[in-house]
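Residue numbers (my numbering): 124 to 310.
We treat Cβ as the ideally placed atom computed from N, Cα and C, and that holds for glycine.
Quick notes on the structure that follows.
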């Protein structure tokens, strides 16, 4: 439910600590065992939460059939998007004055502290932000970010204010007059 592509035969289990046994493709293994008490465990697989049902201290009597169920639930990933604002040339913007999008989806405004933690499915992500007048933008680890199940990745976007001397001048109030022309038709 969180983007996993794993199959049952990507996992294995052990009975009473013996050698691991790979799950069958359909996720069901039938074992013939002696009368005894058994515990079935699975090695942890990164990005998956494991839960057990009827797998610990299971007593099996003569002719008895017992089912142990192991469930692997894929864990969501986390994408952390950090904002750094450098105001060393008269800029006044704060982190929450900027927004970003993930894989071209809708705009998300930055939190006041400049860090947004997003819960995401396993996948590949690209983070971008619209240009903001008066600031340059640099990205660190923001393109083609691979996040596995249960994984975390951080993208940092830095905006640095541009010195006023490098900004284009504002439009002149006399622009209209400079472009007008008077025609005298009194000949």
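Per DSSP, reduced to three states, the secondary structure at residue 218 is helical.
Residue 224 sits in a strand when the DSSP states are folded into three classes. Restricting attention to 272, 191, 285 and 216, the CA atom closest to the CA of residue 124 is found in 272. The beta carbons of residue 130 and residue 168 sit no closer together than 8 Å.
DSSP, reduced to helix, strand and coil, places residue 263 within a strand of the structure shown. Under the DSSP definition of a beta bridge, residue 276 partners with 202. Per the Cβ contact rule, the stretch 178 to 195 is in contact with the stretch 144 to 160 (3 or more Cβ pairs under 8 Å). Between residue 281 and residue 240, the CB-CB gap reaches or exceeds 8 Å. The C-beta of residue 221 has 16 or more other C-beta atoms within 10 Å across all chains shown, which makes the residue buried.
Residue 253 holds the alpha-carbon nearest to the alpha-carbon of residue 232 among 287, 212 and 253. Taking 8 Å as the cut-off, the beta carbon of residue 208 is found closer than this to the beta carbon of residue 217. A direct Cα-Cα distance of roughly 27 Å separates residue 234 from residue 170. Within the same chain, and ignoring the five residues on either side of residue 219 in sequence, the residues whose Cβ sits closer than 7 Å to its Cβ are 232, 233, 234 and 235. The DSSP-derived three-state label of residue 132 is helix. Around residue 191, the same chain offers 163, 177 and 178 as residues with beta carbons nearer than 6 Å, after the five sequence neighbours per side are excluded.
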